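Protein chains in written order, with the numbering used here: chain A, 1012 to 1150; chain B, 1012 to 1150.
All C-beta atoms in this analysis are idealised placements derived from N, C-alpha and C, irrespective of residue type, glycine included.
None of the values given here were measured: they were computed from a predicted structure.
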DNA sequence: TACAACAGTGCAACAATGTTGCAAAATAAT
DNA sequence: ATTATTTTGCAACATTGTTGCACTGTTGTA
Ligand SMILES: [Mn+2]
Ligand SMILES: [Mn+2]
Ligand SMILES: [Zn+2]
Ligand SMILES: [Zn+2]
């Protein structure tokens, strides 16, 4: 019997450890994006801060999670879709950060439009982040 | 006789001080976006690290510079266009970060497209950041 | 299951980045 | 010129991120 969590780790050639299982479960439970600090709070003293840094880094490299840029010096991380693999992400959806509650959403069904760049500029990745009020916080 | 720098500070109701003049001049000279660390390097020991933090914060609040989100935990700052005033920015252009040289460009003539959000989501601000190779670094 | 090889973790020490309060200095207003 | 106000530097502290290394846990093989 294999849980979904164990399967995901194995699929990406990672040893199955307590911290990885737990951190991955946080993402699955939450549904939304998490910052390093969120994970630190959720896990209490269960494992070391350094382990969280290394786990997040490993997950990003393996294509399990992706980063979401912000203007407040706190990277958010969210689960990738199945197509993401090591070294090549396919997360071309819009992200939304709520100014009220701070929740960060992957808007999986809103895709990032192509932009026409000036001569000589070659795009490798495009991030579109919208901030405002989410559907939970609206009046 | 008033310099452009002094004028800009006065226009935004700021006292004209050495550090503000110097930091603003860095932005005017560079043309591109600067991170806190860039300013710290350019200024050497001329003024305190805390003063740089406070000056950048003040400039953002007053609409002299705007922030550019990144996925590497290092906010970049760039000069605003003239229309930006306290509490209300008008920097709806695309930003480009070169993976080779690290330079961050304001693509003033490439505007951010409107995106259609799911029901209940209200956009206040939209940031579009492209990364890749700039026209200086291509091939 | 037992063992060896390997990978991941915790800890400690450190570096970098950001924040706050307060007295001294600079600037602006009178 | 004097006063009122704002800004700065400093010190102290908090938070965030990085690295090396010994120890522990995991995996694959017998
Ligand atoms: Mn996402
Ligand atoms: Mn810009
Ligand atoms: Zn919200
Ligand atoms: Zn470049």
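Please report whether the beta-carbon of residue i lies at a distance below 8 Å from any beta-carbon of chain A.
{"i": "residue 1086 of chain B", "result": "yes"}
{"i": "residue 1139 of chain B", "result": "yes"}
{"i": "residue 1115 of chain B", "result": "no"}
{"i": "residue 1045 of chain B", "result": "no"}
{"i": "residue 1110 of chain B", "result": "yes"}
{"i": "residue 1042 of chain B", "result": "no"}
{"i": "residue 1048 of chain B", "result": "no"}
{"i": "residue 1127 of chain B", "result": "yes"}
{"i": "residue 1078 of chain B", "result": "yes"}
{"i": "residue 1105 of chain B", "result": "yes"}
{"i": "residue 1012 of chain B", "result": "Model confidence at residue 1012 of chain B stands at a pLDDT of 45, short of 50, so the residue's coordinates are unreliable; what they give is reported in the following sentence. Answer no: the Cβ-Cβ gap between residue 1012 of chain B and chain A never drops below 8 Å."}
Which residue from the options puts its Cα closest to that of residue i?
{"i": "residue 1066 of chain B", "options": "B:1025, B:1044, B:1116", "result": "B:1025"}
{"i": "residue 1023 of chain A", "options": "A:1054, A:1129, A:1091", "result": "A:1091"}
{"i": "residue 1180 of chain A", "options": "B:1106, B:1057, B:1055, B:1017", "result": "The displayed coordinates of chain A run from 1012 to 1150. Any statement about residue 1180 of chain A would go beyond what the structure contains."}
{"i": "residue 1054 of chain B", "options": "B:1037, B:1042, B:1021", "result": "B:1037"}
Is residue j closer than 8 Å to residue i when the C-beta atoms are compared?
{"i": "residue 1089 of chain B", "j": "residue 1117 of chain B", "result": "yes"}
{"i": "residue 1110 of chain B", "j": "residue 1085 of chain B", "result": "no"}
{"i": "residue 1048 of chain B", "j": "residue 1079 of chain B", "result": "no"}
{"i": "residue 1121 of chain B", "j": "residue 1104 of chain B", "result": "yes"}
{"i": "residue 1081 of chain A", "j": "residue 1139 of chain B", "result": "no"}
Does chain B have any CB closer than 8 Å to the CB of residue i?
{"i": "residue 1067 of chain A", "result": "no"}
{"i": "residue 1121 of chain A", "result": "yes"}
{"i": "residue 1131 of chain A", "result": "yes"}
{"i": "residue 1143 of chain A", "result": "yes"}
{"i": "residue 1149 of chain A", "result": "yes"}
{"i": "residue 1081 of chain A", "result": "yes"}
{"i": "residue 1118 of chain A", "result": "yes"}
{"i": "residue 1134 of chain A", "result": "yes"}
Please report the straight-line C-alpha distance between residue i and residue j, rounded to a whole angstrom.
{"i": "residue 1035 of chain A", "j": "residue 1126 of chain B", "result": "30 Å"}
{"i": "residue 1074 of chain B", "j": "residue 1019 of chain B", "result": "11 Å"}
{"i": "residue 1015 of chain B", "j": "residue 1149 of chain B", "result": "34 Å"}
{"i": "residue 1112 of chain B", "j": "residue 1046 of chain A", "result": "28 Å"}
{"i": "residue 1119 of chain A", "j": "residue 1145 of chain B", "result": "29 Å"}
{"i": "residue 1012 of chain A", "j": "residue 1061 of chain A", "result": "Reliability of the predicted coordinates at residue 1012 of chain A is poor, the pLDDT of 44 falling under 50, and no value is obtained from them."}
{"i": "residue 1042 of chain B", "j": "residue 1052 of chain A", "result": "41 Å"}
{"i": "residue 1027 of chain A", "j": "residue 1050 of chain A", "result": "18 Å"}
{"i": "residue 1083 of chain B", "j": "residue 1030 of chain B", "result": "27 Å"}
{"i": "residue 1017 of chain B", "j": "residue 1039 of chain B", "result": "13 Å"}
{"i": "residue 1115 of chain A", "j": "residue 1124 of chain A", "result": "20 Å"}
{"i": "residue 1087 of chain B", "j": "residue 1059 of chain A", "result": "31 Å"}
{"i": "residue 1131 of chain A", "j": "residue 1108 of chain A", "result": "32 Å"}
{"i": "residue 1147 of chain A", "j": "residue 1068 of chain B", "result": "30 Å"}
{"i": "residue 1072 of chain B", "j": "residue 1072 of chain A", "result": "36 Å"}
Just to check my reading of the structure: residue i and residue j have Cβ atoms closer than 8 Å, yes? What is that Cβ distance to the nearest angstrom?
{"i": "residue 1070 of chain A", "j": "residue 1063 of chain A", "result": "About 11 Å separates the two Cβ atoms, so there is no contact after all."}
{"i": "residue 1057 of chain B", "j": "residue 1033 of chain B", "result": "7 Å"}
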